[in-house]
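>
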Amino acid sequence: FTGGLADLRQGVIRAIGEPGDRFAEDHLRMLRAVRFAAALRFELETKTAYAIQSMADKIARVSQERIFCELTRMLTGPSPAMACRLLQSLNLLPPLLPEISAMTGVNQPPQFHPEGDVWQHTLLMLGKMIMPDPLLAWSTFLHDVGKPPTHEYRDGRDRFPKHASTGAGMARAILRRLKASRQLIDEVGAIIDNHMNFMHVRQMRQATLRRLMARPTFPAELEVHRLDCLASHGKLDGYCFLLDQLADTANQTELPPPLLNGHDLLAMGLTPGPRIGELLQWLQDRQLNGEITDRTQALAAIAEKLKSDFPGETPP
């Protein structure tokens with residue numbers, strides 16, 4: 079009755095009747111048009127696309143929960159990069175996610191990012207995802223959200239000081255605004271906060287490396303790192319190194335139980351306070367490095383540590 083079969087054959091997404099009327103009835107249909115076009119790799123009919131562009135600012139009237147649901151379907155669908163390009167070209171991205179829209183035109187150092195600006199880098203990462211779940215999809219989408227506000231040109235190149243920690247805070251705020259679950263907010267924030275540490279995995283001490291691999295979000299972090307490399311310089315040395323580490327430990331990345339606890343240190347005469355945590359952290363580092371393997375060695379190491387920290391005195 080509406081020419082739908084012909085549009086299906088030609089690969090066209092078209093609003094039924096007057097597009098402006100359909101979108102006025104439910105503004106979320108503008109996002110659904112984008113999702114359908116991206117998922118099916120169809121084109122938006124001209125009048126339909128024009129109506130979305132002219133009414134894009136009204137998308138802000140839709141509830142955040144419904145927006146989050148549509149965006150998640152796009153990001154975990156078969157063509158997330160195409161969906162995001164459409165969101166930007168149809169003027170939907172600025173009212174939805176101005177922090178993401180701001181990535182366009184933010185230059186990056188070409189020796190590390192020959193692909194172009196932050197927006198192009200993000201699109202490339204999205205395009206290389208393989209059947210992502212919401213955690214990986216949102217972490218990838220937001221991983222460099224901290225670059226636009228931290229961008230500076232210094233010493234002959236573009237720099238982004240502390241963009242990971244800045245981006246983690248921004249990502250949490252964005253997902254809270256979209257009414258995402260507490261778990262997703264916390265995990266995406268943690269992944270973004272930690273994603274730059276993967277540059278240094280081959281220089282990490284064994285204790286630091288073990289802690290990295292024992293993080294509950296490590297599988298998603300490792301995949302974000304792979305995508306990050308593939309969408310920029312293309313070097314996967316660190317990624318392959320971590321795969322070797324996983325193979326060497328037979329995928330057993332859980333940390334071993336601590337040899338001592340706070341009660342043990344209190345029994346040695348220490349008083350409650352931050353010093354307890356510092357000593358337990360110091361002891362676990364030595365345990366993870368293979369320097370200490372049992373409780374007797376741990377007690378002796380703490381006693382020696384206290385002597386060296388407080389020579390000639392009774393440790394507090």
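The working numbering applies: residue 79 is where the sequence shown begins, and numbers increase by one. Note that the Cβ used here is the ideal one computed from N, Cα and C, for glycine as well. For clarity, every value in this text was computed on a predicted model and none was experimentally measured.
1. Where are the beta strand (DSSP E) runs, 3 residues long or more, that stay fully inside the region 207 to 246, in chain order?
2. Helix, strand or coil for L122? Go by DSSP, reduced to three states.
3. Grab me the residues of H241's own chain with a C-beta within less than 6 angstroms of its C-beta, minus the 5 sequence neighbours each way, in chain order.
4. Going by C-alpha to C-alpha distance, which of D104, A159 and M209 sits closest to W197?
5. In the DSSP output, which residue or residues are listed as bridge partners for I370?
6. Please classify N185 as buried or exposed, where buried requires at least 16 neighbouring CB atoms within 10 angstroms.
7. Between which two residues does the alpha helix (DSSP H) holding R304 run?
8. So what does DSSP say about V90, is it helix, strand or coil?
9. I think T218 touches E265, with their Cβ atoms under 8 angstroms apart; what is that distance to the nearest whole Å?
10. Is it right to say E391 is buried, meaning 16 or more other beta carbons lie within 10 angstroms of its own, or is it exposed?
11. Which residue wins for smallest C-alpha separation from I208, given the options L305, D315, L122 and A285?
12. Is DSSP giving D387 helix, strand or coil here?
13. Buried or exposed: Q365, going by 16 or more other Cβ atoms within 10 Å of its Cβ?
14. Buried or exposed: Y317, going by 16 or more other Cβ atoms within 10 Å of its Cβ?
15. Note down the Cα distance separating M133 from V279, rounded to an integer number of angstroms.
16. To the nearest angstrom, how far is it from the Cα of G194 to the Cα of P210?
17. Just curious, the alpha helix (DSSP H) that R144 is in, first and last residue?
18. Once DSSP output is grouped into helix, strand and coil, what is the label at S259?
19. Could you have a look at G316 and say whether DSSP puts it in helix, strand or coil?
20. Considering only their Cβ atoms, is the gap separating L344 from I380 smaller than 8 angstroms?
21. My understanding is that I252 touches L153, with C-beta atoms under 8 angstroms, so please give their C-beta distance in whole angstroms.
22. Spatial neighbours of L314 within its chain, please: C-beta separation below 6 angstroms, excluding the five flanking residues on both sides.
23. Taking the Cβ atom as the reference point for each residue, do T126 and A93 lie within a distance shorter than 8 angstroms?
24. Identify the continuous alpha helix (DSSP H) that holds S167 and give its terminal residues.
25. Which residues in the same chain have their Cβ closer than 7 angstroms to the Cβ of A376, if we skip the five residues on either side of it in sequence?
26. At which residues does the alpha helix (DSSP H) containing A292 begin and terminate?
27. Kindly list the residues whose CB is nearer than 6 angstroms to the CB of G340, restricted to its own chain and excluding five residues on each side of it in sequence; keep chain order.
28. Decide if the region 165 to 172 is in contact with the region 253 to 263; the criterion is three or more beta carbon pairs, one per stretch, under 8 angstroms apart.
29. For a test of the three-state rule: what should DSSP assign to Q186, helix, strand or coil?
From the atom records:
1. 230 to 232 and 235 to 237
2. Position 44 of the sequence shown holds residue 122. In the three-state DSSP reduction, L122 falls in the strand class (E or B).
3. As a working note, residue 241 is residue 163 in the sequence shown. Around H241: G224, K225 and T228.
4. The residue given as residue 197 occupies position 119 in the sequence shown. Among D104, A159 and M209, the Cα nearest to that of W197 is on A159.
5. Here residue 370 refers to the residue found at position 292 when the sequence shown is read from its first residue. In the DSSP output, where bridge partners are listed per residue, I370 has none listed.
6. Within the sequence shown, the letter at position 107 stands for residue 185. N185 should be labelled exposed.
7. To locate residue 304, count along the sequence shown from 1; it is residue 226. From DSSP, the alpha helix (DSSP H) with R304 extends over F296 to L308.
8. For the purposes of this step, residue 90 is identified with residue 12 of the sequence shown, where counting begins at 1. Strand.
9. Counting from 1 along the sequence shown, the entry for residue 218 is found at position 140. Counting from 1 along the sequence shown, the entry for residue 265 is found at position 187. With a Cβ gap of about 13 angstroms, T218 and E265 do not count as contacting.
10. For the purposes of this step, residue 391 is identified with residue 313 of the sequence shown, where counting begins at 1. Unreliable placement is indicated for E391, whose pLDDT of 47 sits below 50; no coordinate value is reported for it.
11. One-based indexing of the sequence shown puts residue 208 at position 130. Sorting L305, D315, L122 and A285 by C-alpha distance to the C-alpha of I208 places L305 at the top.
12. Start at 1 with the first residue of the sequence shown, and residue 387 comes out as number 309. Here D387 sits in helix by DSSP.
13. Along the sequence shown, read from residue 1 onward, the residue named residue 365 stands at position 287. Burial call: buried.
14. Here residue 317 is taken as the residue at index 239 of the sequence shown, counted from 1. By the 10 Å Cβ count, Y317 comes out buried.
15. Your numbering for residue 133 matches position 55 in the sequence shown. Your numbering for residue 279 matches position 201 in the sequence shown. M133 and V279: Cα-Cα distance of roughly 47 angstroms.
16. As a position in the sequence shown, residue 194 is number 116, starting the count at 1. As a position in the sequence shown, residue 210 is number 132, starting the count at 1. Approximately 24 angstroms, taken between the alpha carbons.
17. Here the question's residue 144 lines up with position 66 in the sequence shown. That run of the alpha helix (DSSP H) goes Q142 to L153.
18. Here the question's residue 259 lines up with position 181 in the sequence shown. Looking at S259 - three-state DSSP - the assignment turns out to be coil, as it is neither helix nor strand.
19. Within the sequence shown, numbered from 1, the residue matching residue 316 stands at position 238. Three-state DSSP puts G316 in a helix.
20. Indexing the sequence shown from 1 puts residue 380 at position 302. Indexing the sequence shown from 1 puts residue 344 at position 266. The answer is no: Cβ separation not under 8 angstroms.
21. Here residue 252 is taken as the residue at index 174 of the sequence shown, counted from 1. Here residue 153 is taken as the residue at index 75 of the sequence shown, counted from 1. Their Cβ separation, rounded to whole angstroms, is 13 angstroms, which puts I252 and L153 out of contact at 8 angstroms.
22. The residue you call residue 314 lines up with position 236 of the sequence shown. If you ignore the 5 residues before and after L314, its C-beta comes within less than 6 angstroms of the C-beta of C307, all in its own chain and listed in chain order.
23. Counting from one through the sequence shown, the residue named residue 126 turns up at place 48. Counting from one through the sequence shown, the residue named residue 93 turns up at place 15. Cβ atoms of T126 and A93: closer than 8 angstroms.
24. Walking along the sequence shown from the start, residue 167 turns up at place 89. First-last of the alpha helix (DSSP H) with S167: P158 to S167.
25. As a first step, residue 376 must be located in the sequence shown, where it is residue number 298. The beta carbon of A376 lies closer than 7 angstroms to those of L337, L338, L361 and I370 in the same chain, with the five residues before and after it left out.
26. Locating residue 292 in the sequence shown gives position 214, counting from the first residue. Under the DSSP assignment, A292 falls in the alpha helix (DSSP H) whose first and last residues are Q284 to A292.
27. Residue mapping note: residue 340 aligns to position 262 of the sequence shown, counting from 1. Contacts found: I354.
28. By the Cβ test, the region 165 to 172 is not in contact with the region 253 to 263, since fewer than three Cβ pairs between them sit closer than 8 angstroms.
29. Within the sequence shown, residue 186 is the residue found at index 108, counting from 1. Residue state, collapsed to three classes: coil.
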